[in-house]
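Participant: Each residue of the sequence shown is one higher than the one before, counting from 2 in the working numbering. All residues carry an ideal CB built from backbone N, CA and C; glycine is no exception. Right, I'll just put the structure down here and ask away after.
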Amino acid sequence: MVKRFCSEKQKSAKTSLKEFSDFYSPLFLVSASFLSYVMRFLFPCAGFLKILFKLILICIFQAFIFFFCLWFLLEVCKF
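Here it is, written out as structure tokens:
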């Protein structure tokens, strides 16, 4: 009985993690392309600092999205 309960919990955790990755992957692509357009508007000339700043902004934005999704799973969905 306990073994069956644990295996059901593991299955639900695996599906929740898959749903999370399915949700997060397109969000990552959309936010990266959005930041690319913003950076192209702010810095029309190419250069090393522009690329570095763009990478830093993308990393910060992605971390924010990741932790928001993680919070959503833990608090709202009671994962």
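Can you give the Cα-Cα distance for I57 and E76, rounded to whole angstroms?
Facilitator: For the purposes of this step, residue 57 is taken as the residue at position 56 of the sequence shown. For the purposes of this step, residue 76 is taken as the residue at position 75 of the sequence shown. Rounded to the nearest angstrom, the two C-alpha atoms are 28 Å apart.
Participant: Using the C-alpha atoms, what's the distance from I66 back to W72?
Facilitator: Translated into the one-based positions of the sequence shown, residue 72 becomes position 71. Translated into the one-based positions of the sequence shown, residue 66 becomes position 65. Taking the straight line joining both Cα atoms gives about 10 Å.
Participant: Taking just the CA atoms, how far does C60 sit from C70?
Facilitator: Within the sequence shown, residue 70 is the residue found at index 69, counting from 1. Within the sequence shown, residue 60 is the residue found at index 59, counting from 1. The straight-line gap from Cα to Cα measures roughly 15 Å.
Participant: Where A64 and S34 are concerned, what is the direct C-alpha to C-alpha distance, given to the nearest angstrom?
Facilitator: Position 63 of the sequence shown, counting from 1, holds the residue named residue 64. Position 33 of the sequence shown, counting from 1, holds the residue named residue 34. Spanning the two alpha carbons is a distance of roughly 15 Å.
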